[in-house]
Amino acid sequence: SSLLSPLPSPPPLTSTPSPLRVRSSSSTMSAEREEEEPALPQVGMIIEHDVGKWRVLRNIATGPFSDVFIVSDMADYQQKYAMKVEKQHGNIRAVLKLDVMVLSCMQRRGAVGFPMMIAAGRTSAYKYLVMQMLGPDLGKLRRSLPEKRFSLATALKVALQTVDRLHALHDAGWLCRDVKAPNLVVGINDEHDNGQIYMLDFGFARRFRDTEGNLIPPRANAALVGTFQYAPLAAHAHKDQSPKDDLESWFYMTVELIKGPLPWGNFKDYHQMGDYKKAIRNEKRADFLSGCPEELGTIMDSIDRTQFFEEPQYDLISREIRSAAARADVDLEMPFDWQIQRWMLRRAHFVGDLGESNMASERLANADDSDNDRSSLPVDATPPLESR
Numbered sequence: 001s002s003l004l005s006p007l008p009s010p011p012p013l014t015s016t017p018s019p020l021r022v023r024s025s026s027s028t029m030s031a032e033r034e035e036e037e038p039a040l041p042q043v044g045m046i047i048e049h050d051v052g053k054w055r056v057l058r059n060i061a062t063g064p065f066s067d068v069f070i071v072s073d074m075a076d077y078q079q080k081y082a083m084k085v086e087k088q089h090g091n092i093r094a095v096l097k098l099d100v101m102v103l104s105c106m107q108r109r110g111a112v113g114f115p116m117m118i119a120a121g122r123t124s125a126y127k128y129l130v131m132q133m134l135g136p137d138l139g140k141l142r143r144s145l146p147e148k149r150f151s152l153a154t155a156l157k158v159a160l161q162t163v164d165r166l167h168a169l170h171d172a173g174w175l176c177r178d179v180k181a182p183n184l185v186v187g188i189n190d191e192h193d194n195g196q197i198y199m200l201d202f203g204f205a206r207r208f209r210d211t212e213g214n215l216i217p218p219r220a221n222a223a224l225v226g227t228f229q230y231a232p233l234a235a236h237a238h239k240d241q242s243p244k245d246d247l248e249s250w251f252y253m254t255v256e257l258i259k260g261p262l263p264w265g266n267f268k269d270y271h272q273m274g275d276y277k278k279a280i281r282n283e284k285r286a287d288f289l290s291g292c293p294e295e296l297g298t299i300m301d302s303i304d305r306t307q308f309f310e311e312p313q314y315d316l317i318s319r320e321i322r323s324a325a326a327r328a329d330v331d332l333e334m335p336f337d338w339q340i341q342r343w344m345l346r347r348a349h350f351v352g353d354l355g356e357s358n359m360a361s362e363r364l365a366n367a368d369d370s371d372n373d374r375s376s377l378p379v380d381a382t383p384p385l386e387s388r
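Numbering (UniProt numbering), first residue to last: 1 to 388.
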C-alpha cells in the first residue's frame, strides 16, 4: 500500500445561508411568539429561507441526536424533502454541523451517492438541514426478510457501491466512523435513481486530513464512538481511527448482509463484542466466514494489514468482490432484491430501528470530539438487541 498523499483543500462555499425566518402557516411570528417557539418544528409550520419555503408535514424519525421531518416545497407541493432537525440546547452531541460540512464538501466535489443538500440554517430553538428525500435504509430492508439476509447478488452489489462511497469520502479527507447498513439508504424512486445507494448521517465524522490536505497525527486516546456492533478494533482500544477502520466496519456490515445477524449482535457489553472481533482473526475465523465467498477472507486480511497512515486497497477489495460474484455465477447487473420484491420497501417502514449509534465517552456529552482532549474515559453502554 502506498502512503496517503495530501489532497488540496476543497474550495470554500460561495455563500453562507442567511438567518432563517420561521412562521406559522397563518401569519408571521411576532417577537412574543418567537419567545415561545417550540423546541422542534410542528406540523403545519412553514420554514422560510432565502432559497425557498417548506411546510412541515410529519415527523418520520426520532433519534438520540436529531429528528427527521418530511416537508413540502411551498412552490410545488408535490416536491418533498427531508428536514433533519437538532435542538439548539440540551443535545447529547451536536451532529448537524458535521452533516452540513460533509454533505456540502461532497456536493462541491460532485460525488455520487450522497444526498443533495438544499439549505441549512437555524432558529432560536433549533438548527435544521433540508436535503433530498430518500427511501428506507439497508438495515430495515435486510430485516424485512424472513431470513434476515439479502441474496448474494444484492449483498455483493451493495458491497461494491458502498466501498466506492467510502473511497470518495476518504479522498475528501473525511472519516465516517459509523459505517453500518442503517446509514445507507436507497433512492425514493429506484427507476430514476438507477439502483443508487446513498450514504448519510455523518454525526460522528472526523477529518483525518486538515484543510491543507495534511494527515492529522493520531491522538493518544480517543473516544469509542459510533455503533458498537460495527465498531473497528481501533475504536474498542480507544485509538484514533483512519480510513482502514471505516473499511473494517464496512466488512462487518457486508458479512451481515450476506449471512444475517452478526454473532455478537446480541451481546450487551461492548468489551465482549471487541473480544469476539479479535477471535474472528484466530480461532473463530472459519465459523465467522462460513457461508461467505472465500474472497471475503482476502478482503479482511487486506484491511487488517493496512497501517494507520496507509491508503486502503480499494481496488483490490472491488476486484475480490467481482471475483466472488463471477465464481458464484452471480450477475451483478441484475436488480436488487427490493427492486424485484417491491413489498420489501413497504415492510421496511414497519421495521423498528436497530444499531442506534452509541457513545462510550461521557466527555462527548459536553465536548466536541474535534478537539485535542486526550483524557476521554470510556463508560459502559448497552447497545440495542438485534430484531429477529
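We treat Cβ as the ideally placed atom computed from N, Cα and C, and that holds for glycine. Please read these numbers as outputs of a predicted model, since none were measured by experiment.
Rounded separation between residue i and residue j - CA only
i, j, result
"residue 183", "residue 119", "21 Å"
"residue 331", "residue 86", "42 Å"
"residue 60", "residue 140", "14 Å"
"residue 304", "residue 318", "16 Å"
"residue 167", "residue 174", "10 Å"
"residue 195", "residue 185", "10 Å"
"residue 281", "residue 56", "49 Å"
"residue 310", "residue 321", "21 Å"
"residue 361", "residue 90", "Only weak support is given to the placement of residue 361: the predicted model assigns it a pLDDT of 47, under 50, and the question is left unresolved by the model."
"residue 149", "residue 124", "44 Å"
"residue 88", "residue 284", "46 Å"
"residue 231", "residue 178", "7 Å"
"residue 121", "residue 236", "35 Å"
"residue 142", "residue 262", "13 Å"
"residue 289", "residue 297", "7 Å"
"residue 270", "residue 129", "32 Å"
"residue 224", "residue 238", "6 Å"
"residue 49", "residue 108", "21 Å"
"residue 301", "residue 41", "48 Å"
"residue 340", "residue 248", "30 Å"
"residue 188", "residue 205", "25 Å"
"residue 233", "residue 264", "14 Å"
"residue 111", "residue 172", "10 Å"
Residue closest to residue i, alpha-carbon to alpha-carbon, out of the options
i, options, result
"residue 308", "326, 215, 264", "215"
"residue 291", "302, 317, 328, 67", "328"
"residue 257", "232, 326, 337, 240", "337"
"residue 103", "131, 343, 122, 243", "131"
"residue 117", "133, 235, 95, 125", "133"
"residue 393", "112, 83, 46, 151", "Summary: the structure shown does not reach residue 393, with the chain confined to residues 1 through 388, and so no result is reported for it."
"residue 218", "240, 224, 287", "240"
"residue 207", "302, 293, 105", "105"
"residue 315", "159, 205, 278", "159"
"residue 147", "260, 99, 233, 209", "260"
"residue 210", "228, 170, 226, 244", "170"
"residue 268", "144, 278, 228", "228"
"residue 98", "176, 63, 222, 145", "176"
"residue 243", "157, 306, 222", "306"
Exposed unless 16 or more other CB atoms sit within 10 angstroms - verdict on residue i
i, result
"residue 154", "buried"
"residue 25", "Low confidence applies to residue 25: its pLDDT is 34, below 50, so where it sits in the model is not reliable, and the reading given next is rough at best. Residue 25 comes out exposed."
"residue 423", "Since the first residue shown for the chain is 1 and the last is 388, residue 423 is missing from the structure and cannot be characterised."
"residue 92", "exposed"
"residue 273", "buried"
"residue 212", "exposed"
"residue 334", "exposed"
"residue 313", "buried"
"residue 343", "exposed"
"residue 220", "exposed"
"residue 287", "exposed"
"residue 181", "buried"
"residue 39", "exposed"
"residue 275", "exposed"
Opposing strand residues paired with residue i [DSSP bridges]
i, result
"residue 82", "70, 131"
"residue 198", "185"
"residue 123", "Its beta-bridge partners do not exist; DSSP assigns none."
"residue 59", "69"
"residue 209", "215"
"residue 344", "BP columns for residue 344 are empty, so no partner."
"residue 174", "207"
"residue 137", "185"
"residue 391", "Outside the shown range of the chain, which is 1 to 388, sits residue 391, and nothing can be said about it."
Contact set for residue i: own chain, Cβ-Cβ below 6 Å, skip 5 residues either direction
i, result
"residue 367", "Low per-residue confidence applies at residue 367: pLDDT is 42, beneath 50, and the placement is therefore not dependable enough to give any value."
"residue 77", "none"
Same chain only: Cβ atoms within 8 Å of residue i, ignoring 5 sequence neighbours per side
i, result
"residue 73", "52, 53, 54, 79, 80, 81"
"residue 113", "161, 164, 165, 168, 196, 197, 198, 199"
"residue 58", "43, 69, 70"
"residue 75", "52, 53"
"residue 126", "39, 40, 41, 85, 86, 87, 88"
"residue 278", "233"
Contact set for residue i: own chain, Cβ-Cβ below 7 Å, skip 5 residues either direction
i, result
"residue 200", "115, 183, 185"
"residue 136", "185, 186, 345, 348, 349"
"residue 323", "295"
"residue 95", "65, 66, 86, 203"
"residue 299", "251, 317, 320"
Cβ of residue i within 8 Å of any chain D Cβ
i, result
"residue 80", "The chain labelled as chain D is not found in the depicted structure, where only one protein chain is given."
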